[in-house]
Amino acid sequence: MAQATFDKALVEAIGPSEGTALRVKQAVLVVLGITLLAVSAQIKFPVPGSPVPVSLGTFGVLTIAAAYGPRLGLTTMLGWMIIGALGFDVFAGTSAEMNGLEYMMGGTGGYLVGYVLATVALGWFARLGWDRSASKMAVAMLVGNALIYVPGLLWLGQLYGWDQPILAWGLTPFLVGDALKLALAALLLPAAWKLVGKARG
C-alpha cells in the first residue's frame with residue numbers, strides 16, 4: 000500500500016488533491032516557495048576573491064524541489080527567477096548597481112540554470128520515494144548539487160576565462176557548507192514524511 004503513494008511528492012500527499020481547492024493550495028505553495036527562496040538567498044556570506052557568495056539558496060532550492068515535486072517545484076523556481084529578472088532583490092548577490100537580467104547573466108548565471116536542472120531531478124527522485132529515506136535523499140541531494148555546480152562552473156569559465164581559478168571561485172569555498180546543508184535537507188524530508196504518516200495514523 001505504501002508503495003502506491005511513492006508517485007507523490009510530500010506536498011502532493013497533504014491537503015486537497017483535486018478541484019479548486021487543489022489550485023488554491025498550489026498557488027499558496029508557489030507564493031510560499033518563492034518567498035522561502037528569496038529569504039534563503041539573502042542569508043549569505045561573501046567569499047573573498049569569488050564572484051559567487053555563499054548562501055542558503057541551494058538549501059532552499061533542493062528542499063523545495065524535493066518537497067514540491069518536479070512540476071510545482073519548477074513552477075516555483077521559474078516564478079522566483081521571473082521576479083528576479085524584473086529587478087526585485089530575490090537573489091543572493093543583487094545590488095542597486097546590478098540586478099535583474101544583468102545579474103542573472105553575471106557570475107551566478109550558470110548556477111541559476113543548475114537550479115532548474117536540480118529542481119527537476121530532485122522532484123523526480125521524490126516521485127520515486129527517495130525523499131522518505133535519509134540515505135537515498137542524501138544521494139539525491141548529491142546529484143542535485145552536481146547539477147548545480149556543473150553549469151555554474153562552465154558558465155564561470157566561459158565568462159571569466161579558463162585561465163582564472165574557476166574551482167577556487169565556484170566550488171571549493173562552498174563544499175563544507177553544502178555538505179552541512181545537504182545533510183540537513185536529507186534528514187528533513189524523511190522526518191516530514193514520518194510526521195505525515197503519524198498524522199494519518
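The opening residue of the sequence shown carries number 0 in numbering that gives the first Met the number 0; numbering runs sequentially from there.
Note that the Cβ used here is the ideal one computed from N, Cα and C, for glycine as well.
The residue from 100, 139, 37 and 10 with its alpha-carbon nearest to that of residue 117 is 139. Taking the Cα positions, residue 43 is about 22 Å away from residue 65. Straight across, the Cα-Cα distance linking residue 101 with residue 173 is about 24 Å.
Counting every other CB atom within 10 Å of its CB across the protein chains shown gives residue 19 a total below 16, marking it as exposed. About 4 Å separates the CB atoms of residue 113 and residue 147; that is less than 8 Å, so the two are in contact. When C-alpha distances from residue 181 are compared across 61, 125 and 128, the shortest belongs to 61.
Between residue 8 and the set 168, 26 and 121, the nearest pair of CA atoms involves 121. Runs of the alpha helix (DSSP H) lying entirely within the region 90 to 151 and spanning at least 4 residues, in chain order: 99 to 103 and 108 to 126.
Beta-bridge partners of residue 24 (DSSP): none assigned. Taken through DSSP and simplified to helix, strand or coil, residue 17 comes out as coil. At the C-beta level, residue 75 and residue 33 come within 7 Å of one another. The Cβ-Cβ distance between residue 10 and residue 31 does not fall below 7 Å. Of all alpha-carbon atoms in 78, 195 and 58, the one lying nearest the alpha-carbon of residue 179 is that of 58. Shown here for residue 15: same chain residues with a beta carbon closer than 8 Å to its own, the five before and five after excluded, namely 21, 23 and 24 in chain order. Collapsing the DSSP output to three states places residue 37 in a helix. Distance between residue 168 and residue 103, taken at the CA atoms: about 17 Å. Residue state for residue 79 is assigned as helix, using DSSP reduced to three classes. Taking a C-beta distance under 7 Å as the contact criterion, residue 56 and residue 125 do not qualify as a contact pair.
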